[in-house]
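Enquirer: In my numbering, the protein residues as written are 21 to 295. Every residue, glycine too, gets a C-beta built ideally from N, C-alpha and C. For clarity, every value in this text was computed on a predicted model and none was experimentally measured. Structure incoming, see below.
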């Protein structure tokens, strides 16, 4: 430190520091450690957005997708886990949007489909239902579908085609008028706390209908998508009761023409994904 001499500050002479070869070597190692520490503290790469993570996982799960494809259980669990963690703000929706309002009191509430992505292997998007809106009973030919409610609550009823009539019933499983026997898979209310529902080409509730009890949003990932040219268009059905006298529930389902239409909207670029 400086010393006082006659009112002036004079710096002390600096002592000469002799470094031994060992000290020089230690200094070099210390510098090397600092460099390594600096490298280790380099900024981390930005994390993926939830939608990008959903896209990447869906692409992996449906890589071998074709009509009738069923992902292996570990892949189903992985994609379901990502969907279970999604929140409305991750995908840019909330109940204040006009898609969830019943604007025309003269007709039934209109369903809007927010389209995110589709390719021959899979597609995903969000169904926006105002209160009391209905997506009629329909099928998913040769498809595996993951459905997650993001907010709101809805009644879900689903069926699978019966392979045989119930025990003690000798009726055929098809009518001459084209109606087919189907077994009820699900008849319950679901909300945002419910885990992802998965349906498969032959089971899990391949035919289903939604009835919105409140404004609600449902994200669907499906593979492969509908393909009219490939003979896998969406079909709609009317249901009529089939009395069994047992605990299991069945209905006759008959394909019908319908005027049901959804409004399709492409999601904004900020929620787009990189293929």
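If we ignore side chains and look at the alpha-carbon of each, how far apart do residue 115 and residue 122 end up?
Expert: Looking at the two C-alpha atoms, the distance is approximately 12 Å.
Enquirer: Under the DSSP definition of a beta bridge, which residues are partnered with residue 259?
Expert: DSSP output for residue 259 lists 273 as bridge partner(s).
Enquirer: How would you call residue 180, buried or exposed, if buried means at least 16 neighbouring beta carbons within 10 angstroms?
Expert: By the neighbour-count rule (16 or more Cβ atoms within 10 Å), residue 180 is buried.
Enquirer: Would you check if the region 244–261 and the region 270–280 touch, i.e. whether three or more CB-CB distances between them fall below 8 Å?
Expert: Flag = yes, the region 270–280 and the region 244–261 touch.
Enquirer: Where do the N-terminal and C-terminal ends of the beta strand (DSSP E) with residue 10 fall, by residue?
Expert: The displayed coordinates of the chain run from 21 to 295. Any statement about residue 10 would go beyond what the structure contains.
Enquirer: Starting from residue 218, trace the alpha helix (DSSP H) both ways and give me its first and last residue.
Expert: Not the alpha helix (DSSP H): residue 218 falls in the beta strand (DSSP E), residues 217–219.
Enquirer: Thinking just about the alpha-carbon of each residue, which of 107, 275, 86 and 78 is nearest to the one in residue 197?
Expert: Taking only the C-alpha atoms, the option nearest residue 197 is 275.
Enquirer: Between which two residues does the beta strand (DSSP E) harbouring residue 249 extend?
Expert: Element bounds for residue 249: n/a, residue is neither H nor E.
Enquirer: Using beta-carbon positions only, say whether residue 147 and residue 138 come within less than 9 Å of one another.
Expert: For residue 147 and residue 138, no; Cβs fall outside 9 Å.
Enquirer: Let me confirm a value: residue 216 is counted as buried when at least 16 other C-beta atoms fall within 10 Å, else exposed. Which label applies?
Expert: Burial call: buried.
Enquirer: Excluding the 5 residues flanking residue 171 on each side, which residues of the same chain have their C-beta closer than 7 Å to its C-beta?
Expert: 108, 115, 212, 236 and 237, listed in sequence order.
Enquirer: Alpha carbon to alpha carbon, what distance is there between residue 187 and residue 132?
Expert: Whole-angstrom Cα-Cα distance: 42 Å.
Enquirer: Tell me which same chain residues have a C-beta within less than 7 Å of the C-beta of residue 175, skipping the five on either side of it?
Expert: 209, 231 and 233.
Enquirer: What is the DSSP secondary structure of residue 282, counted as helix, strand or coil?
Expert: If DSSP states are grouped into helix, strand and coil, residue 282 belongs with coil.
Enquirer: Around the C-beta of residue 92, are 16 or more other C-beta atoms found within 10 angstroms, so that it is buried, or is it exposed?
Expert: Classification for residue 92: exposed.
Enquirer: Consult DSSP for residue 101 and reduce its assignment to one of helix, strand or coil.
Expert: Three-state result, residue 101: helix.
Enquirer: Which one or two residues does DSSP pair with residue 168 in a beta bridge?
Expert: Paired residues: 239.
Enquirer: Would you give the residue range spanned by the beta strand (DSSP E) that residue 174 belongs to?
Expert: That run of the beta strand (DSSP E) goes 173–181.
Enquirer: Considering only residues of the same chain and omitting the five flanking positions on each side of residue 266, which have a CB-CB separation below 7 Å?
Expert: So the qualifying residues of the chain are 186.
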